[in-house]
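Which chain is which? The protein sequence lines are A and B, in order. Okay, so the first sequence: first residue is 1 according to the UniProt record's numbering, each after it adds one. Okay, so the second sequence: first residue is 1 according to the UniProt record's numbering, each after it adds one.
Number of protein chains: 2
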Amino acid sequence: MTARTPDSARDIPEATVARLPVYLRALTGLAEDGTTTCSSEELAATAGVNSAKLRKDLSYLGSYGTRGVGYDVEYLRYQIAREIGVTQDWPVVIVGIGNLGHALANYSGFRSRGFRVVALLDADPDRHTDVVAGLEVRSFEDLEAIVTEHDVSIGVIATPAVAAQSVADRMVAAGITSILNFAPTVLTAPEGVDVRKVDLSIELQILAYHEQRKAVAGSEDVS
Amino acid sequence: MTARTPDSARDIPEATVARLPVYLRALTGLAEDGTTTCSSEELAATAGVNSAKLRKDLSYLGSYGTRGVGYDVEYLRYQIAREIGVTQDWPVVIVGIGNLGHALANYSGFRSRGFRVVALLDADPDRHTDVVAGLEVRSFEDLEAIVTEHDVSIGVIATPAVAAQSVADRMVAAGITSILNFAPTVLTAPEGVDVRKVDLSIELQILAYHEQRKAVAGSEDVS
DNA sequence: GCCGTTTTGTTCTCCCGTTCACAAACTCCT
DNA sequence: AGGAGTTTGTGAACGGGAGAACAAAACGGC
Numbered sequence: 001m002t003a004r005t006p007d008s009a010r011d012i013p014e015a016t017v018a019r020l021p022v023y024l025r026a027l028t029g030l031a032e033d034g035t036t037t038c039s040s041e042e043l044a045a046t047a048g049v050n051s052a053k054l055r056k057d058l059s060y061l062g063s064y065g066t067r068g069v070g071y072d073v074e075y076l077r078y079q080i081a082r083e084i085g086v087t088q089d090w091p092v093v094i095v096g097i098g099n100l101g102h103a104l105a106n107y108s109g110f111r112s113r114g115f116r117v118v119a120l121l122d123a124d125p126d127r128h129t130d131v132v133a134g135l136e137v138r139s140f141e142d143l144e145a146i147v148t149e150h151d152v153s154i155g156v157i158a159t160p161a162v163a164a165q166s167v168a169d170r171m172v173a174a175g176i177t178s179i180l181n182f183a184p185t186v187l188t189a190p191e192g193v194d195v196r197k198v199d200l201s202i203e204l205q206i207l208a209y210h211e212q213r214k215a216v217a218g219s220e221d222v223s
Numbered sequence: 001m002t003a004r005t006p007d008s009a010r011d012i013p014e015a016t017v018a019r020l021p022v023y024l025r026a027l028t029g030l031a032e033d034g035t036t037t038c039s040s041e042e043l044a045a046t047a048g049v050n051s052a053k054l055r056k057d058l059s060y061l062g063s064y065g066t067r068g069v070g071y072d073v074e075y076l077r078y079q080i081a082r083e084i085g086v087t088q089d090w091p092v093v094i095v096g097i098g099n100l101g102h103a104l105a106n107y108s109g110f111r112s113r114g115f116r117v118v119a120l121l122d123a124d125p126d127r128h129t130d131v132v133a134g135l136e137v138r139s140f141e142d143l144e145a146i147v148t149e150h151d152v153s154i155g156v157i158a159t160p161a162v163a164a165q166s167v168a169d170r171m172v173a174a175g176i177t178s179i180l181n182f183a184p185t186v187l188t189a190p191e192g193v194d195v196r197k198v199d200l201s202i203e204l205q206i207l208a209y210h211e212q213r214k215a216v217a218g219s220e221d222v223s
């Protein structure tokens, strides 16, 4: 037990983990273009990062390149996919089928990248007749049953902000251990549950800040 | 020119800029609850960050608190809003009115946070008859005219991946200097143009990675 | 007016992530 | 077979952000 070295479970820096999906996408693009081999320089350009950073990132996974040659696109693609865990299919449940939930349910990028939406839930009974992306919108009360039935560990929250925390609590109670939150609110979850958030308006505000600075800098030159 | 100290234009760290909108939202929430004063500890808890980090972040903006007392909610809220630049209204144009573009156009969080969607554009003529969120979907060819008319500097891309780069190029040519990209592709833009990306499936893949590690760790205990 | 209490603003230290630079290793050509 | 040319993998330097800890400042009670 002490000297055990799990196959690939040494600790990969969080910043690297966040970039692996980008590399995966870049490799998929290269493969579709018929490229079979690529250098770190090429792949880095495609992924929009520094080549040294790319090589260091990949070195955390193992030594999958060949010096003087580069990387085999298909082989590296598989290795990264395996490392991230998207060689298997992850069942996902989406809660809150408003405009955004609708879009997420229809988003083809999930399916093609190892995620399968198994259920759409909404608290509003008026929506329970709807069929979205080939799935019937079901009652939020069915959450526990669905999580158990499909062994769901990832939940997506696309509800209004006020409902998000209670939805998260129910998800955690039902056994979900990873949450992607689109509601504009801070979620708290117990130890062991991962929460990531995507906030549409925060991104715009960050852009606005820089935009404002550009304007200020411009007027300074004039004055 | 040398000894000039612009009002509030000293360089704020990028990490801090990314958190300011979170503080802004937390303060808005506190204000709605009737809170007039709060300590860094309270605000930090609401925003989900460390209180030391919060104080350091705020110190980059200036000295807006009172020792022994805390911060005036309304005053601090205004100061942050001014720093970010959301006291004014930013006109925004959205290109690509599919499922996601639809959701973005209807997202009330933009309007309430200083952004005004002035136009919805799509390359598909079949969509030009649609009215979404009170706005008629117009031809992508109208981009330049709209940007000029409304003095738009922020563009949102919600097109399929293949179209994103050409849309971005057209946006830049039309005078847009900040782009929020929802298409799953790496965009290149000239110096001086800010590009931020929101990638729905990347977030899920990051969750999947950690989820997989949880599973592996669990099976190790058993073995 | 003075002292204890509270809370901010800031300094210092540590850690993570990025980048540079180079040795190791592989291919190709002669 | 050997040398020139590439390209990976990594050690080391560097920069920035996170958190702890503390000094400065404001308030309240006596």
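In this text, a Cβ means the ideal position worked out from N, Cα and C, and glycines have one as well. Keep in mind that this is a model prediction, so the values were computed, not measured.
Minimum Cβ-Cβ distance from residue i to chain A less than 8 Å
i: B:A9; result: Caution applies to B:A9, whose pLDDT of 49 falls short of 50 and renders its modelled position unreliable; the value that the coordinates give is listed next. B:A9 counts as touching chain A.
i: B:R67; result: no
i: B:T5; result: The predicted position of B:T5 is uncertain, since its pLDDT is 39 and thus under 50; a value taken from the coordinates is nonetheless stated next. So, not an interface residue.
i: B:T2; result: The pLDDT assigned to B:T2 is 32, lower than 50, so where the model puts this residue is not dependable, and the model offers no usable value.
i: B:V117; result: no
i: B:V186; result: yes
i: B:P125; result: no
i: B:K56; result: no
i: residue 236 of chain B; result: Since the first and last residues shown for chain B are 1 and 223, residue 236 of chain B lies out of range.
i: B:A77; result: One point to set straight first is that residue 77 of chain B is Arg, not Ala, in the sequence displayed. Taking Cβ atoms only, chain A never reaches closer than 8 Å to B:R77, which makes this a no.
Chain-ordered chain B contacts of residue i [CB-CB under 7 Å]
i: A:H210; result: S178 and D194
i: A:I84; result: Q205, A208 and Y209
Under 8 Å between C-beta atoms of residue i and residue j
i: B:I94; j: B:L120; result: yes
i: A:G101; j: A:A161; result: no
i: A:V147; j: A:I176; result: yes
i: B:G114; j: B:V152; result: no
i: A:I84; j: B:Q205; result: yes
i: B:I154; j: A:E211; result: yes
i: B:F140; j: B:D169; result: no
Test: residue i CB closer than 8 Å to a CB of chain B
i: A:H128; result: no
i: A:H102; result: yes
i: A:P13; result: no
i: A:L200; result: yes
i: A:P21; result: yes
i: A:G96; result: no
Contact list for residue i against chain B, beta-carbon separation under 8 Å
i: A:A168; result: Ordered by position in chain B, no residue passes the 8 Å Cβ test against A:A168, which lies about 13 Å from the chain.
From the options, residue whose alpha carbon lies closest to that of residue i
i: A:L135; options: A:E149, A:A145 and A:R116; result: A:R116
i: A:Y34; options: A:E74, A:A215, A:G48 and A:E41; result: In the sequence under discussion, the amino acid at residue 34 of chain A is Gly, which differs from the Tyr named in the question. It is A:E74 whose Cα lies nearest to the Cα of A:G34.
i: A:A163; options: A:I179, A:A183, A:T177 and A:A173; result: A:A183
i: B:N181; options: B:A189, B:E141, B:A168 and B:K197; result: B:K197
i: B:A208; options: A:D194, A:A217 and A:Y64; result: A:D194
i: residue 234 of chain A; options: A:V172, A:L143, A:T87 and A:L76; result: Outside the displayed span of chain A (1 to 223) sits residue 234 of chain A, for which this structure offers no information.
i: B:L27; options: B:V17, B:I12, B:A15 and B:T46; result: B:T46
i: A:E41; options: A:E32, A:A18, A:Y71 and A:S178; result: A:Y71
i: B:A145; options: B:V132, B:A174 and B:S201; result: B:A174
i: A:L20; options: A:E203, A:E32, A:Y60 and A:G65; result: A:Y60
One or two residues paired with residue i in a DSSP bridge
i: B:E136; result: B:V131
i: B:L121; result: B:V95 and B:R138
i: A:L180; result: A:V156 and A:R196
i: A:G85; result: Partner(s): none; A:G85 has no beta bridge.
Under 7 Å from the C-beta of residue i: neighbouring residues of chain A
i: B:L207; result: I154, S178, L180, D194 and R196
i: B:V17; result: I206 and Y209
Closer than 8 Å at the beta carbon, the chain A residues around residue i
i: B:A174; result: None at all; the shortest Cβ gap to chain A is about 15 Å.
Where residue i meets chain A, residues with beta-carbon distance less than 9 Å
i: B:Y107; result: N99, L100, L200 and S201
i: B:G53; result: Note that residue 53 of chain B corresponds to Lys in the displayed sequence, not to Gly. Going along chain A, no residue has its Cβ under 9 Å from B:K53, so there is no contact; the nearest lies around 14 Å.
Within chain B, the residues that residue i reaches when beta carbons sit closer than 9 Å
i: A:V93; result: Here the premise fails: no neighbours, minimum Cβ distance about 12 Å.
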